[in-house]
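Visitor:
Residue numbers (UniProt numbering): 1 to 348.
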């Protein structure tokens, strides 16, 4: 997305263009004036902004780097304001930069690119909560509970002919089904009564659903920081950065192409002029084949943070054998576990 240039479209013009668009379909991007954008506190499940993300976005905007567009919505019958669904940090950063520019006597940026959608109030709060939940930073328990509340109010726990099971809801929410059932009984007792008792645990025990982590927001932030370094670097630094990234991309492609990954990253030992690419591994969970591991790659003082998250981990018999196998692979790879991590999952 190109940087905002100012002189955005009038909200009346945007509204007219959205009249023929079906509810729930995002359209754009549009150049929207900041003064037409509103923040509804009920659409932000987090207690506070992330200072690190605000700093990265500030640097990106000031450097002219590409930043993803906001997602804004006409909510309910209100067609005079656009509310932030996804992009609270980006909008806050732009407002701060505009205030700084006015204070210094400069010309502030008064518009931003955004996708627009029409939503009901309950659906708007749910979509905003899901956007926050997908942004990489782990939600606190009370924040997750707010996401759950928006989920129920939006009717996402229902099917065409009844209700989803607590296990189905838990899988979608990334929580244990017993926790979901407890929240439903406490926060929505009438719905809990209609849904009936939670299903019993199946053979093999009960636990949280397997984690499927989508870190689009964090990935965007890493790419922004990398772009900033590239823009500020000298010729030799830029060449080294490109070389290191090319080798990483090829390694990642090779890993994705192999279902039975052996835990080794080809070409990871990269030594570049004034740059280094140290690697570190830590593992969690158990699996019959080697689990994927979380990897942190530091490039140029820590700009690039790439994570291979543990996917589809599950408990099995004979876990000690697999722990030992993983430990041998870590030693063979000549890498060091992250601080506080253990190559023996489940042991501290």
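Virtual Cβ for every residue (Gly too), placed ideally from N, Cα, C. Values in this document were obtained by computation on a predicted structure and should not be read as measured data.
Unbroken alpha helix (DSSP H) runs of length 4 or more, entirely within the stretch 61–113: which are they?
Guide: Entirely contained in the stretch 61–113, the alpha helix (DSSP H) runs reaching 4 residues are, in chain order, 88–103.
Visitor: Give me the Cα-Cα distance between residue 74 and residue 241, rounded to the nearest whole angstrom.
Guide: Roughly 42 Å separates the two Cα atoms.
Visitor: Could you give the C-beta distance for residue 116 and residue 26, rounded to a whole number, given that I count them as a contact under 8 Å?
Guide: That belief holds up - the Cβ atoms of residue 116 and residue 26 are roughly 7 Å apart, short of 8 Å.
Visitor: Take residue 12 as the anchor and find which of 65, 36, 158, 250 has the nearest alpha-carbon.
Guide: Measuring from the Cα of residue 12, the nearest candidate turns out to be 36.
Visitor: Apply the 10 Å Cβ neighbour rule to residue 142 and answer buried if 16 or more other Cβ atoms are within range, or exposed otherwise.
Guide: The residue in question, residue 142, is exposed, as its Cβ has fewer than 16 Cβ neighbours within 10 Å.
Visitor: Inspect the CB distances between the stretch 162–181 and the stretch 121–128 and report whether three or more fall short of 8 Å.
Guide: No, they do not touch.
Visitor: Measuring only the C-alpha atoms, how far is residue 166 from residue 183?
Guide: So the alpha carbons of these two residues sit roughly 11 Å apart.
Visitor: Taking the beta strand (DSSP E) that residue 191 belongs to, which residues open and close that run?
Guide: Taken as a continuous stretch (DSSP letters only), residue 191 belongs to no beta strand (DSSP E), being part of the alpha helix (DSSP H) at 189–195.
Visitor: Within 10 Å of its beta-carbon, does residue 111 have 16 or more other beta-carbons around it, so buried, or fewer, so exposed?
Guide: Buried, because 16 or more other Cβ atoms sit within 10 Å of the Cβ of residue 111.
Visitor: By DSSP's criteria, residue 44 is part of a beta bridge. Which residues make up the other side?
Guide: Partner(s): none; residue 44 has no beta bridge.
Visitor: Using only CA atoms, which one of 226, 168, 58, 83 lies nearest to residue 101?
Guide: Closest by alpha carbon: 58.
Visitor: If residue 113 and residue 29 are in contact, beta carbons under 8 Å, what's the gap, nearest whole angstrom?
Guide: Contact holds; Cβ gap of about 4 Å.
Visitor: Which term fits residue 186, buried or exposed, when burial requires 16 or more other beta carbons within 10 angstroms of its beta carbon?
Guide: Label assigned to residue 186: exposed.
Visitor: Would you kindly work out how many angstroms separate the C-alpha atoms of residue 53 and residue 89, rounded to a whole number?
Guide: Rounded to whole angstroms, residue 53 to residue 89 spans 7 Å at the Cα level.
Visitor: Going straight from the alpha carbon of residue 252 to that of residue 149, what length do you get?
Guide: One C-alpha to the other measures close to 38 Å.
Visitor: Express the C-alpha separation of residue 158 and residue 65 in angstroms, rounding to a whole number.
Guide: Distance between the alpha carbons of residue 65 and residue 158 is about 42 Å.
Visitor: According to DSSP, residue 162 sits in a beta bridge with which residue or residues?
Guide: According to DSSP, which records beta bridges pairwise, residue 162 is partnered with 159.
Visitor: Quick one: what's got a C-beta closer than 7 Å to residue 238's C-beta in the same chain, skipping five residues either side?
Guide: Excluding residues within five positions, the ones whose Cβ falls inside 7 Å are 230.
Visitor: Quick one: what's residue 33 bridged to in DSSP?
Guide: Paired residue(s): 111.
Visitor: Exposed or buried, what is residue 69 when buried is set at 16 or more other beta-carbons lying within 10 Å of its beta-carbon?
Guide: Classification of residue 69: buried, given that the 10 Å Cβ count is 16 or more.
Visitor: Quick check on the burial criterion: 16 or more other C-beta atoms within 10 angstroms. Buried or exposed for residue 86?
Guide: With 16 or more Cβ atoms within 10 Å of its Cβ, residue 86 is classed as buried.
Visitor: What is the residue span of the alpha helix (DSSP H) that residue 14 lies within?
Guide: It spans 11–18 - the alpha helix (DSSP H) in which residue 14 sits, taken as one unbroken run.
Visitor: Let me make sure I understand the geometry here. Which of 104, 18, 132 has the alpha-carbon closest to that of residue 50?
Guide: With distances taken between Cα atoms, residue 50 lies closest to 132.
Visitor: Over the uninterrupted alpha helix (DSSP H) stretch that includes residue 147, give me the two end residues.
Guide: Counting along the chain, the alpha helix (DSSP H) containing residue 147 begins and ends at 141–153.
Visitor: Candidates 95, 226, 234: which alpha carbon is nearest residue 245's?
Guide: That would be 226, whose Cα lies nearest to the Cα of residue 245.
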